[in-house]
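Heads up: the structure comes next, in structure tokens.
Number of protein chains: 2
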Amino acid sequence: VTTLADIGEFPLIERLRGRLPRASARVAIGIGDDAAASEIAKPGELVVSCVDLLTQDVDFTAATPARAVGRKSIAVNLSDVAAMGARPVGVLVAIAAPKTTQVEWVESLYDGIASICSEHDVDVLGGDCSGVAAGGVTIAVTALGAARREALVSRAGARVGDRLCVTGTLGDAAAGLEKIARGADPASDDPLVRRQVDPIPRVAAGRALGEGGIATAMIDVSDGLLADLGHLLDASRVGARVEVGKLPLSPAIQSNRFEIRRLALTGGEDFELLFTIRPDDEAKARAACGDVGMTVIGEITSTPGTALVRPDGTLLPPPPRPGWSHFG
Amino acid sequence: VTTLADIGEFPLIERLRGRLPRASARVAIGIGDDAAASEIAKPGELVVSCVDLLTQDVDFTAATPARAVGRKSIAVNLSDVAAMGARPVGVLVAIAAPKTTQVEWVESLYDGIASICSEHDVDVLGGDCSGVAAGGVTIAVTALGAARREALVSRAGARVGDRLCVTGTLGDAAAGLEKIARGADPASDDPLVRRQVDPIPRVAAGRALGEGGIATAMIDVSDGLLADLGHLLDASRVGARVEVGKLPLSPAIQSNRFEIRRLALTGGEDFELLFTIRPDDEAKARAACGDVGMTVIGEITSTPGTALVRPDGTLLPPPPRPGWSHFG
């Protein structure tokens, strides 16, 4: 067994570089110099950038397969880029890990990073790795993307009368987390566990909704539907009416005994896209989302806050915990 | 006293955002959305990107002023961008800190980040902050910059006969580190301590050396002159002859009793630029470096490795420790 304390920094970097896919034609100078140089944006495009931390015992545990941790560390960032209506182009990865960490663990992490980057034609443009004396593994990923200014979708563009839409299905990742808490193996192929451990960013849908000028506002569901809808409504200075009977639920979550409605409303980490469209654009939006699917779950109103409406028209009181906060 | 455990994630982010300078005109969508969108590169330019981790008890200690930690976390990255011959444009900052960390500490860290970014017209384009259960503070900064393809200076362009040059003075930061180890206050205004705690990236010099087509290869001195020269020589597949009598030394280091030559050859974190030029370009290079100054310390040869030559022409054996490695 080789640990980070046994291997030099440069030999480690060489071993990790060897596991990454070949750089795309966009990259003029790749990993191994002071910095990388690449064509991120085409003429007329802006660069989209974001950073997200994953920390052990908050976002994953020692039992989570390293490959899945690597994939998820990239996925959450690609999801943020997609939620801007942009296409992801590159990532940079910084890892702080205890010196007792096995090199093989870091290699598996990089295999995961390499696999998801290949799937989305994303270059790994840089990295850093530090051995720390105490604490768990921390992974900071920066994602870079590009979009024309007109394609960008902020959280602030929702207008009264817009339809509120969401891709895919809600609550699955939270249901998976509960399964793991109850003893399910994080490596199992249970579909709910997979959505928690290895989420799929809605890259193609986000880009199509932006480039097509379809979404008027957009955010990804990372903290839970109600929490993220709250961010979108605050930024747009509007309210929303959500029909709880229309929340999209997967067959897997419906076959479980969990509190499905609570999970769909407040469960984090689904990484679906929550967006608004003009009433006439529903067919276009459906086409943009393709096989991922989309559901109209409500509409934007002038009344601040979110009204949850039951199928019989009565209001549902909001659940007590609106979403996830790292310092809760 | 308020700690990270006492404050919500979003209130913290709001407090930190309030301490940052106003975004430049380049920024179309700033902090507060899923990602930022900005004009990083002008038409015809490439995007330069790098990431560097600073970890507590490796790169700073609990005694280091938070403001200086913030400044240094940015400085080391701006130095990498400068070493490509590029101009820095934006940074993204991710911080993992124990939940017991005082919010005031994080605010001072951000004050430092804000101050150095203002000095260099660099936007803070994104951030993330996580409270962790154990371990020290980890800061991962990604820097973005831009340069025309012809202005980019990799490590690989040194040719036999090129002059080897370095900006500023060498060994000061390592001398400062030794002073701190011997009890000097990291907040003192001793010039050697300041170079260790609050290094100044050679942003203007790097950019001018790149844009002027002057440097043929370049790297910043972060691991120590010999270590970083080794990286440059390996990448360029050449050797070098260094005249140890010509190493630039500050008045401050000369007034100390340290082993000056060892510090100048192997001391890390000076963040000077080490670069090569064609023999005819010395005057141009001197003009590009301006007040920071530059010194020709040797030349590129076809003999692999570094020959250290004393003023009398005899060879100096290489020092035992060529530089700094995080996993040493």
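One line per chain: the protein sequences are A and B, in this order.
Residue 24 is where the first sequence starts when you use the numbering used here, and the numbers rise one by one after that.
Residue 24 is where the second sequence starts when you use the numbering used here, and the numbers rise one by one after that.
Each residue gets a CB set at the ideal place from its N, CA and C atoms; glycine is no exception.
Model, not experiment: these values are computed from the prediction.
Residue of G108(A), W128(A) and D304(A) minimising C-alpha distance to V24(A): Residue 24(A) sits at position 1 when you count from the first residue of the first sequence. That would be W128(A), whose Cα lies nearest to the Cα of V24(A).
Cutoff 7 Å; reference G31(A); Cβ partners in own chain excluding five residues on either side: As a first step, residue 31(A) must be located in the first sequence, where it is residue number 8. Same-chain partners within the cutoff: there are none.
Three CB pairs or more closer than 8 Å across the segment 118 to 133 of chain A and the segment 231 to 240 of chain A: Three or more Cβ pairs closer than 8 Å define a contact, and the segment 118 to 133 of chain A falls short of that threshold against the segment 231 to 240 of chain A.
The segment 122 to 140 of chain B / the segment 75 to 92 of chain B touching (three or more Cβ pairs under 8 Å): yes
Kindly give me the distance between the Cβ atoms of A308(A) and L255(A), rounded to whole angstroms, as I take these residues to be in contact under 8 Å. Locating residue 308(A) in the first sequence gives position 285, counting from the first residue. Locating residue 255(A) in the first sequence gives position 232, counting from the first residue. About 16 Å separates the two Cβ atoms, so there is no contact after all.
Cα-Cα, which of S96(B), C152(B), I63(B) and T123(B) is closest to R40(B)? By 1-based counting over the second sequence, the position of residue 40(B) is 17. Minimum Cα distance to R40(B) is reached at C152(B).
So, with DSSP's three-state summary, where would you put S138(B)? By one-based count along the second sequence, residue 138(B) stands at place 115. It is helical.
Can you tell me whether DSSP reads P214(B) as helix, strand or coil? For this step, residue 214(B) is matched to residue 191 along the second sequence. Three-state DSSP puts P214(B) in a helix.
Do I63(A) and G113(A) have their C-beta atoms closer together than 8 Å? Locating residue 63(A) in the first sequence gives position 40, where the first residue counts as 1. Locating residue 113(A) in the first sequence gives position 90, where the first residue counts as 1. Yes, the pair counts as a contact, with Cβ atoms nearer than the cut-off.
Could you have a look at G253(A) and say whether DSSP puts it in helix, strand or coil? One-based indexing of the first sequence puts residue 253(A) at position 230. The three-state secondary structure of G253(A), taken from DSSP, is helix.
Could you tell me whether the segment 180 to 199 of chain A touches the segment 67 to 75 of chain A, where touching means 3 or more Cβ pairs closer than 8 Å? no
Tell me which same chain residues have a C-beta within less than 6 Å of the C-beta of L43(A), skipping the five on either side of it? As a first step, residue 43(A) must be located in the first sequence, where it is residue number 20. Closer than 6 Å at the Cβ level, and outside the excluded window around L43(A), lie A137 and V147.
Nearest to E142(A) (by Cα), restricted to the options L101(A), S211(A) and G184(A): For the purposes of this step, residue 142(A) is taken as residue 119 along the first sequence, with counting starting at 1. Residue L101(A) is the option with its Cα nearest to E142(A).
If you draw a straight line from the alpha carbon of E68(B) to that of D56(B), how long is it in whole angstroms? By one-based count along the second sequence, residue 68(B) stands at place 45. By one-based count along the second sequence, residue 56(B) stands at place 33. E68(B) and D56(B) have their alpha carbons spaced roughly 26 Å apart.
Roughly how far, in whole angstroms, is the beta-carbon of G233(B) from the beta-carbon of A170(B), given that I think they are within contact range, below 8 Å? Reading the second sequence from its first residue, position 210 is the one you call residue 233(B). Reading the second sequence from its first residue, position 147 is the one you call residue 170(B). Right, their Cβ atoms sit about 6 Å apart.
Helix, strand or coil at R333(B) [DSSP, three-state]: Working through the second sequence from its first residue, we reach residue 333(B) at position 310. In the structure shown, R333(B) sits in coil (DSSP, three-state: anything other than H, G, I, E or B).
Let's test the definition: count the other Cβ atoms within 10 Å of the Cβ of L338(A) and tell me whether it reaches 16, buried, or not, exposed. What you label residue 338(A) is simply residue 315 of the first sequence in a count that begins at 1. With fewer than 16 Cβ atoms within 10 Å of its Cβ, L338(A) is classed as exposed.
Option nearest G150(A) by Cα separation, candidates I283(A), A51(A), V164(A) and I300(A): Against the first sequence, residue 150(A) aligns to sequence position 127. Nearest of I283(A), A51(A), V164(A) and I300(A) to G150(A), Cα basis: V164(A).
Simplified DSSP assignment, three categories, for R186(A): Counting from 1 along the first sequence, the entry for residue 186(A) is found at position 163. Strand at R186(A).
Give, in chain order, every unbroken run of the alpha helix (DSSP H) that is at least 4 residues long and sits entirely within the segment 71 to 128 of chain A. 89 to 105
In chain A, which residues lie less than 8 Å from R172(B) when you measure between Cβ atoms? One-based indexing of the second sequence puts residue 172(B) at position 149. Going along chain A in sequence order, the residues near R172(B) (Cβ under 8 Å) are A51 and A60.
Starting from T312(A), follow its DSSP beta bridges and name the residues at the other end. Translated into positions along the first sequence, residue 312(A) becomes position 289. It is Cys, not Thr, that sits at residue 312(A) in the sequence shown. Looking at the DSSP assignment, C312(A) forms no beta bridge with any residue, so it has no partner.
Check the DSSP bridge columns for R260(B) and list the partner residues they point to. In the second sequence, the residue the question calls residue 260(B) occupies position 237. R260(B) is not bridged to any residue.
When you compare each of E282(B), L297(B), S177(B) and L248(B) to T289(B) by their alpha carbons, which one comes out closest? Mapped onto the second sequence, residue 289(B) falls at position 266. Taking only the C-alpha atoms, the option nearest T289(B) is L248(B).
Beta strand (DSSP E) segment containing V50(A), residue limits: Working through the first sequence from its first residue, we reach residue 50(A) at position 27. Its beta strand (DSSP E) spans residues V50 to I52.
Measure the Cβ-Cβ separation of A275(B) and P214(B) and say whether it is below 8 Å. For the purposes of this step, residue 275(B) is identified with residue 252 of the second sequence, where counting begins at 1. For the purposes of this step, residue 214(B) is identified with residue 191 of the second sequence, where counting begins at 1. Yes; because the gap between Cβ atoms is below 8 Å, this pair is in contact.
Indicate the three-state DSSP secondary structure (helix, strand or coil) for D221(A) in the structure shown. Translated into positions along the first sequence, residue 221(A) becomes position 198. If DSSP states are grouped into helix, strand and coil, D221(A) belongs with coil.
Does the segment 329 to 343 of chain B come into contact with the segment 196 to 212 of chain B, if we say contact requires no fewer than three beta-carbon pairs (one atom in each stretch) closer than 8 Å? They do not touch, by the three-pair rule.
Chain-ordered neighbours of M107(B) on chain A, where CB pairs are closer than 8 Å: Against the second sequence, residue 107(B) aligns to sequence position 84. Simply I52, D56, D57, A58 and A60.
Determine, using beta carbons only, whether G229(B) and A106(B) come nearer to each other than 8 Å. On the second sequence, position 206 is the one that residue 229(B) refers to. On the second sequence, position 83 is the one that residue 106(B) refers to. Yes. Within cutoff.
How is the alpha helix (DSSP H) around A204(A) delimited, first residue to last? For the purposes of this step, residue 204(A) is taken as residue 181 along the first sequence, with counting starting at 1. Run containing A204(A): D195 to A204, per the alpha helix (DSSP H) assignment.
Between P66(B) and chain A, is there a C-beta pair that is closer than 8 Å? Translated into the one-based positions of the second sequence, residue 66(B) becomes position 43. It does; some Cβ of chain A falls within 8 Å.
Enumerate in chain order the residues of its own chain whose CB-to-CB distance from E266(B) is below 7 Å, with the five nearest sequence positions on each side excluded. The residue you call residue 266(B) lines up with position 243 of the second sequence. So the list reads I320, G321 and V332, once near-sequence residues are dropped.
Between which residues of its own chain and Q219(A) is the CB-CB distance below 6 Å, once the five residues before and five after are set aside? Working through the first sequence from its first residue, we reach residue 219(A) at position 196. So the list reads A196, G199 and L200, once near-sequence residues are dropped.
Taking the alpha carbon of A204(A) as the reference point, which residue from D144(A), G316(A), D257(A) and F83(A) has its own alpha carbon closest? Position 181 of the first sequence, counting from 1, holds the residue named residue 204(A). Of the listed residues, the one whose Cα sits closest to A204(A) is F83(A).
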